[in-house]
Amino acid sequence: MVAICLSSVDYAELWQDDRSAASSIESVRVCSTKVGRGYKRWIQLRDMTLLIHDYELSEDLFVEYSSEEAGEIGLEFGFQLLGNRCDRQSGQNFLYGGFSEDGEAIAEFLSDRILQVDIHLNSIQQLCRFASQGLDGLPEDLQQLLADDRSLEYGDVAAITPAMRTALEQLLNCPYVGITRQLYLESRCLELIALKLEQLSDRKLESKLKPDDVDRIHQAKDILSDRLDNPPSLIELARQVGLNDYKLKVGFREVFGTTAFGYLRQHRMERASQLLSEGRLNVKEVARSVGYANQSRFAAAFRQQFGVNPKSYR
Numbered sequence: 000m001v002a003i004c005l006s007s008v009d010y011a012e013l014w015q016d017d018r019s020a021a022s023s024i025e026s027v028r029v030c031s032t033k034v035g036r037g038y039k040r041w042i043q044l045r046d047m048t049l050l051i052h053d054y055e056l057s058e059d060l061f062v063e064y065s066s067e068e069a070g071e072i073g074l075e076f077g078f079q080l081l082g083n084r085c086d087r088q089s090g091q092n093f094l095y096g097g098f099s100e101d102g103e104a105i106a107e108f109l110s111d112r113i114l115q116v117d118i119h120l121n122s123i124q125q126l127c128r129f130a131s132q133g134l135d136g137l138p139e140d141l142q143q144l145l146a147d148d149r150s151l152e153y154g155d156v157a158a159i160t161p162a163m164r165t166a167l168e169q170l171l172n173c174p175y176v177g178i179t180r181q182l183y184l185e186s187r188c189l190e191l192i193a194l195k196l197e198q199l200s201d202r203k204l205e206s207k208l209k210p211d212d213v214d215r216i217h218q219a220k221d222i223l224s225d226r227l228d229n230p231p232s233l234i235e236l237a238r239q240v241g242l243n244d245y246k247l248k249v250g251f252r253e254v255f256g257t258t259a260f261g262y263l264r265q266h267r268m269e270r271a272s273q274l275l276s277e278g279r280l281n282v283k284e285v286a287r288s289v290g291y292a293n294q295s296r297f298a299a300a301f302r303q304q305f306g307v308n309p310k311s312y313r
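The sequence shown begins at 0 in numbering that gives the first Met the number 0 and counts up one residue at a time.
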């Protein structure tokens, strides 16, 4: 199938306002059925805009932006939960900011469901106002950008951590309405910004792990993923991958940003949410399939992860 090439103006016309879903702080645009289905939702919060993409295209699209559209791109924190879009891959987070001199071509890929969360600060300097304790832990080029050096363009791409994924799931499944919803979404956005900045700060610390250690830690993660219903103990897991339990415990947190069993719990909940969405199993069966013999404990863990009860998630 030949990809369709569009100007940015033509691309914008494919998205139509859905006034029935709008509110004083929210606007929604739905995708034309000519090229796909889904929506983009803009939510105006204090000092920032939250943008949620959830759509699937039926055609490959390339969107061309002219050089006249270049300019300040502000500061954007993005989280690609599903699908590949431009140079952004599923499971990645990114931070972009600064001043772009050139236009760019953006590719949307065939039959890829895109689920992406973007947080746009109203200005680059807004981050400085949030960070009352200073910016010393951040990369130097980002510090220069925040110091109002408009000649810079900053970009960083990294993996979405389990803590980020938890906050994203809570944001996407917000159970509140009205002012409570607005405050809840703001708090999740600030948490995601903090987690990204923490990731940038941690990267400045020199790792003491050898490449072989990192490979073994990835093996440990794969074992946990394959044994959700009957996971090994930390000591048994360390023995299976050839590390001592202390190095596995410390190294797992360094590589993945969480403990081994924090990752296990996260992965269990992700699998549970998938099974509940499919609707073939009841809550008790889902709980057992991800290693919970006690349904009440499963419900409590699920509620802590997603902010809703498993029965409400179906």
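In this text, a Cβ means the ideal position worked out from N, Cα and C, and glycines have one as well.
Item to check | Inter-residue Cα distance where the pair is E205 and P174 | outcome: Within the sequence shown, the letter at position 206 stands for residue 205. Within the sequence shown, the letter at position 175 stands for residue 174. Residue placement at E205 is poorly supported in this model, since its pLDDT is 49, which falls under 50; the coordinates still yield a value, given next. Roughly 41 Å separates the two Cα atoms.
Checklist entry - What are the boundary residues of the alpha helix (DSSP H) that includes V27? => result Here residue 27 refers to the residue found at position 28 when the sequence shown is read from its first residue. Segment E25 to C30 is the beta strand (DSSP E) holding V27; no alpha helix (DSSP H) there.
Item to check | Limits of the beta strand (DSSP E) - the one that Y153 falls within | outcome: Locating residue 153 in the sequence shown gives position 154, where the first residue counts as 1. Counting along the chain, the beta strand (DSSP E) containing Y153 begins and ends at E152 to A158.
Checklist entry - Identify the residues that DSSP records as bridge partners of C127: which are they? => result Counting from one through the sequence shown, the residue named residue 127 turns up at place 128. C127 is not bridged to any residue.
Checklist entry - Going by alpha carbons, who is nearest to C188 out of L167, D244 and G250? => result One-based indexing of the sequence shown puts residue 188 at position 189. Of the listed residues, the one whose Cα sits closest to C188 is L167.
Next on the checklist: Can you tell me where the alpha helix (DSSP H) holding S7 begins and where it ends?
Outcome noted: As a first step, residue 7 must be located in the sequence shown, where it is residue number 8. It spans S7 to E12 - the alpha helix (DSSP H) in which S7 sits, taken as one unbroken run.
Item to check | In chain order, each alpha helix (DSSP H) run of at least 4 residues that lies wholly inside the region 225–302 | outcome: 233–240, 244–255, 259–277 and 282–288
Checklist entry - Do you know how far the Cα of R215 is from the Cα of A237? => result One-based indexing of the sequence shown puts residue 237 at position 238. One-based indexing of the sequence shown puts residue 215 at position 216. So the two alpha carbons sit approximately 9 Å from each other.
Item to check | Residue span of the beta strand (DSSP E) that contains D315, given as start and end | outcome: Outside the displayed range of the chain (0 to 313) lies residue 315, so it cannot be described from this structure.
Item to check | Cα-Cα separation between Y10 and V62, rounded to whole angstroms | outcome: On the sequence shown, residue 10 is found 11 positions in, with the first residue counted as 1. On the sequence shown, residue 62 is found 63 positions in, with the first residue counted as 1. Whole-angstrom Cα-Cα distance: 7 Å.
Checklist entry - When DSSP labels each residue in this structure, what does C188 get in the three-state scheme? => result On the sequence shown, position 189 is the one that residue 188 refers to. Of the three classes helix, strand and coil, the one that applies to C188 here is helix, per DSSP.
Item to check | Given 8 Å, three or more beta-carbon pairs between the region 289–304 and the region 220–231 | outcome: yes
Next on the checklist: If you measure between the beta carbons of L56 and V27, is that distance less than 8 Å?
Outcome noted: Counting from 1 along the sequence shown, the entry for residue 56 is found at position 57. Counting from 1 along the sequence shown, the entry for residue 27 is found at position 28. Not closer than 8 Å, so no.
Item to check | L182 burial status per 10 Å Cβ neighbour count (16 or more: buried) | outcome: In the sequence shown, counting from the first residue as 1, residue 182 sits at position 183. Exposed, because fewer than 16 other Cβ atoms sit within 10 Å of the Cβ of L182.
Checklist entry - Between the C-alpha atoms of A299 and R279, what's the straight-line distance to the nearest angstrom? => result For the purposes of this step, residue 299 is taken as residue 300 along the sequence shown, with counting starting at 1. For the purposes of this step, residue 279 is taken as residue 280 along the sequence shown, with counting starting at 1. Straight-line Cα distance between these residues: approximately 21 Å.
Checklist entry - How big is the Cα-Cα spacing for Q337 and Q115? => result Given a span of 0 to 313 for the chain in the structure shown, any question on residue 337 remains unanswerable.
Checklist entry - Counting Cβ pairs, one atom from each stretch, are 3 or more of them under 8 Å apart for the region 113–128 and the region 73–92? => result yes
Next on the checklist: Let's see if you can read the secondary structure: which residues bound the beta strand (DSSP E) around D117?
Outcome noted: Locating residue 117 in the sequence shown gives position 118, counting from the first residue. D117 -> beta strand (DSSP E) spans R112 to L120.
Checklist entry - Taking the C-alpha atoms as reference points, what is the distance between V282 and G256? => result Here residue 282 refers to the residue found at position 283 when the sequence shown is read from its first residue. Here residue 256 refers to the residue found at position 257 when the sequence shown is read from its first residue. Going by the C-alpha atoms only, they are around 29 Å apart.
Item to check | DSSP three-state assignment for Y175, whether helix, strand or coil | outcome: Here residue 175 is taken as the residue at index 176 of the sequence shown, counted from 1. Y175 falls in the coil class under three-state DSSP.
Item to check | Exposed unless 16 or more other CB atoms sit within 10 angstroms - verdict on V8 | outcome: For the purposes of this step, residue 8 is identified with residue 9 of the sequence shown, where counting begins at 1. The residue in question, V8, is exposed, as its Cβ has fewer than 16 Cβ neighbours within 10 Å.
Item to check | Distance, I42 Cα to R128 Cα | outcome: As a first step, residue 128 must be located in the sequence shown, where it is residue number 129. As a first step, residue 42 must be located in the sequence shown, where it is residue number 43. Between R128 and I42, the C-alpha separation is close to 21 Å.
Checklist entry - Along the chain, where does the beta strand (DSSP E) that runs through Q142 open and close? => result On the sequence shown, residue 142 is found 143 positions in, with the first residue counted as 1. Not the beta strand (DSSP E): Q142 falls in the alpha helix (DSSP H), residues E139 to L145.
Checklist entry - Would the beta-carbon of Y153 fall within 8 Å of that of D135? => result The residue given as residue 153 occupies position 154 in the sequence shown. The residue given as residue 135 occupies position 136 in the sequence shown. Taking 8 Å as the Cβ cut-off, Y153 and D135 do not qualify as a contacting pair.
Checklist entry - Where does I113 land, buried or exposed, given buried means 16+ other C-beta within 10 angstroms? => result Within the sequence shown, numbered from 1, the residue matching residue 113 stands at position 114. When all chains shown are included, I113 counts as buried.
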